[in-house]
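Going by our numbering, the first residue of the sequence shown is number 758, and it counts up by one from there. We put the beta carbon where it would ideally sit given N, CA and C, even for glycine. So the structure is just underneath, and the comments pick up after that.
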Amino acid sequence: MTAARTRPYQRRRRGPVLVVVGVLAALAIFTWSVVLVNAGGAASATSCPVPNPPAGEVLPTGALDQVAPIPPGGVEVNVLNAGGQRGQASLVAAQLGDLGFSVKGTGNDPLFPDGNMECYGQLRFGAAGEAAASTLTLVMPCAELVRDGRPDAGVDISVGTGFGDFNPGREARDALDQLTEPGGGTDGAANADPNAAEAAPAPTAVDPELVQEARDASC
């Protein structure tokens, strides 16, 4: 009798347990789906389509982390619109000017004439412009790094469809302030010309933790 009475009780207990297990499994699947979607979104935001012909060599995200940034006033930049949003290049250029960067011009990106560069954006520079690009990574850490063959130290910023608002954080602004202070950096001559290293003033080190915090962005 005892065994006969126990079986229905066990069946009744098994039902709620199965429901709980099912709910937990569904939550686990949902959680991992969100993680994978976010990971895919981050990858697409920082990885831009390759135009024909290619803009240059795509570098890893942290490729300029060991390159000392220079004061924003020594960074000559052109802002290009590759996202199709009217007036965005001019708006970004004005904001960069407010931060002390030397903006040389704006326009549409000839590599993406249809305004369909589906990513955050790109920083395009040559070997002589690595220090300038390093400074720009403080305010645009999600931009893809592209090294091309230009001989000068200028940098092109190409704004993609995923750019959104340009709003550098407090860490980036503080780092720029440190670079702008007297002795806070070189004018980039030592980076552009190896023979100018002795003539360039010794830069005052910018707080490395501040630089790292400025570049640690969720893209």
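Asked                                                                                                                                                             : Found
In chain order, what residues of the same chain have a beta carbon less than 6 Å from the beta carbon of N809, not counting five sequence neighbours either side? : none
Sorted by chain position, which residues of the same chain lie with C-beta nearer than 6 Å to L895's C-beta, five sequence neighbours on each side aside?         : A929, A932, A971
DSSP three-state label for Q935, please.                                                                                                                          : helix
Between T818, A885, Q935, which has its C-alpha nearest P908's C-alpha?                                                                                           : A885
Looking at the secondary structure, which residues open and close the alpha helix (DSSP H) in which T892 lies?                                                    : 887-896
Does the distance from the CB of G878 to the CB of S847 come in under 7 Å?                                                                                        : no
Following the continuous alpha helix (DSSP H) through L967, name the residue where it begins and the one where it ends.                                           : 965-972
May I have the straight-line CA-CA distance separating L837 from G857, to the nearest angstrom?                                                                   : 18 Å
So, using beta-carbon positions, are A850 and T863 closer together than 7 Å?                                                                                      : yes
If we ignore side chains and look at the alpha-carbon of each, how far apart do D855 and N924 end up?                                                             : 12 Å
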